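Chains L and G, in that order, are what the protein sequence lines are. Offset between the first sequence (1-based) and my numbering: plus 326. Offset between the second sequence (1-based) and my numbering: plus 3. The beta carbon of each residue, even a glycine, is placed where N, CA and C say it ideally should be. None of the values given here were measured: they were computed from a predicted structure. These notes concern the structure reproduced below.
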Amino acid sequence: KAGVTQTPRYLIKTRGQQVTLSCSPISGHRSVSWYQQTPGQGLQFLFEYFSETQRNKGNFPGRFSGRQFSNSRSEMNVSTLELGDSALYLCASSLYTGTDTQYFGPGTRLTVL
Amino acid sequence: SQQGEEDPQALSIQEGENATMNCSYKTSINNLQWYRQNSGRGLVHLILIRSNEREKHSGRLRVTLDTSKKSSSLLITASRAADTASYFCATDETSGSRLTFGEGTQLTVNP
Numbered sequence: 327k328a329g330v331t332q333t334p335r336y337l338i339k340t341r342g343q344q345v346t347l348s349c350s351p352i353s354g355h356r357s358v359s360w361y362q363q364t365p366g367q368g369l370q371f372l373f374e375y376f377s378e379t380q381r382n383k384g385n386f387p388g389r390f391s392g393r394q395f396s397n398s399r400s401e402m403n404v405s406t407l408e409l410g411d412s413a414l415y416l417c418a419s420s421l422y423t424g425t426d427t428q429y430f431g432p433g434t435r436l437t438v439l
Numbered sequence: 004s005q006q007g008e009e010d011p012q013a014l015s016i017q018e019g020e021n022a023t024m025n026c027s028y029k030t031s032i033n034n035l036q037w038y039r040q041n042s043g044r045g046l047v048h049l050i051l052i053r054s055n056e057r058e059k060h061s062g063r064l065r066v067t068l069d070t071s072k073k074s075s076s077l078l079i080t081a082s083r084a085a086d087t088a089s090y091f092c093a094t095d096e097t098s099g100s101r102l103t104f105g106e107g108t109q110l111t112v113n114p
């Protein structure tokens with residue numbers, strides 16, 4: 327089976343812009359989780375989607391949003407970008423829940439200038 | 004917030020030596036997982052140990068879990084340069100519905 331794919335792999339934006347990141351889970355996996363990784367904060371949970379519904383949400387401002395499509399593919403959006411949003415954004419898929427074994431994509435490296 | 008705290012933060016050893024990393028957590032868990040991350044890449048699942056298990060092996064990996072001390076350790080035996088990576092523990096809290104990752108241990112294996 328193909329692994330989790332994320333696009334784009336690298337992104338440079340300026341403050342105030344918005345960005346959309348995409349994640350395609352492993353075929354058959356219905357749960358998709360998003361994480362933000364920074365040197366200072368480590369791996370922080372953003373949200374989890376299952377069957378097109380947001381099932382869990384981390385402690386991030388409303389500028390961070392996401393959605394899941396009927397084919398389990400997921401997107402996350404960050405509006406009004408801030409310098410502090412520079413991070414590696416990781417998507418992970420699992421069979422059913424966000425606590426099952428997570429299969430991670432390679433990540434999207436976002437740089438906000 | 005981080006549930007798991009890894010110790011040490013960084014570890015440097017020679018090829019062939021064993022590497023031990025520790026993870027402590029604060030609340031009751033269903034299971035604890037270990038992941039590995041090569042620099043700037045996605046995480047790779049290594050092993051899952053359930054709360055009713057005390058030890059688990061997978062190849063050169065040995066994981067122990069002590070729920071009374073709320074701690075786990077990951078032992079990598081006969082390390083190789085290719086084991087150089089960051090290692091994270093992740094807990095599935097009984098009161099939660101998501102994985103909570105620790106801050107990681109950066110392991111460097113020198114050839």
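query, result
"Neighbouring residues, chain G, relative to L:Thr-364 (Cβ below 8 Å)", "Within chain G, no residue comes near L:Thr-364; the closest Cβ sits about 11 Å away, beyond 8 Å."
"Uninterrupted beta strand (DSSP E) stretches inside the segment 59-104 of chain G (no shorter than 3 residues)", "64-69, 74-79, 88-96 and 102-104"
"Contact set between G:Asp-95 and chain L, taken where Cβ atoms lie within less than 8 Å", "Thr-425"
"Boundaries (first-last residue) of the beta strand (DSSP E) holding G:Lys-22", "One point to set straight first is that residue 22 of chain G is Ala, not Lys, in the sequence displayed. Looking at the DSSP string, the run of the beta strand (DSSP E) that includes G:Ala-22 is 22-27."
"Own chain, CB closer than 6 Å to G:Asn-41, minus 5 neighbours either side, in chain order", "Ala-88"
"Spatial distance of G:Asp-114 from L:Phe-390 (CA atoms)", "This sequence places Pro at residue 114 of chain G; Asp is not what is there. One C-alpha to the other measures close to 43 Å."
"Members of the segment 391-402 of chain L that neighbour chain G once the beta carbon cut-off is set at 8 Å", "none"
"Among G:Gln-17, G:Leu-14, G:Glu-20 and G:Cys-26, the one whose alpha carbon lies nearest that of G:Glu-106", "G:Cys-26"
"Separation of G:Leu-78 from G:Glu-18, as counted between CA atoms", "14 Å"
"Simplified DSSP assignment, three categories, for L:Asp-426", "coil"
"C-beta neighbour in chain G for L:Phe-430, strict 7 Å", "yes"
"Where G:Ile-52 falls, given that 16 or more other Cβ within 10 Å makes a residue buried", "buried"
"8 Å Cβ cut-off: residues of chain G touching L:Gly-433", "Gly-43, Arg-44 and Gly-45"
"Interface residues of the segment 11-42 of chain G facing chain L [CB-CB below 9 Å]", "Asn-33, Asn-34, Gln-36, Tyr-38 and Gln-40"
"Start-to-end residues for the beta strand (DSSP E) that takes in L:Phe-373", "368-376"
"Residues near G:Gln-5 in its chain [Cβ-Cβ closer than 8 Å; skip 5 each side]", "Any reading at G:Gln-5 needs caution, since the residue's pLDDT is 48, under 50, leaving its predicted position unreliable; the model's value is listed next. So the qualifying residues of the chain are Thr-103, Phe-104, Gly-105 and Glu-106."
"Bridge partner(s) assigned by DSSP for G:His-48", "G:Tyr-38"
"Beta-ladder partner(s) of G:Leu-14, from DSSP", "G:Leu-110"
"Residue nearest to G:Asp-95 in terms of C-alpha spacing, selected from L:Ser-419, L:Thr-425 and L:Glu-401", "L:Thr-425"
"According to DSSP, residues forming a beta bridge with L:Gln-394", "L:Ser-400"
"Rounded Cβ spacing between L:Gly-431 and L:Thr-331 (contact assumed at less than 8 Å)", "6 Å"
"Endpoints, beta strand (DSSP E) assigned at L:Val-358", "357-364"
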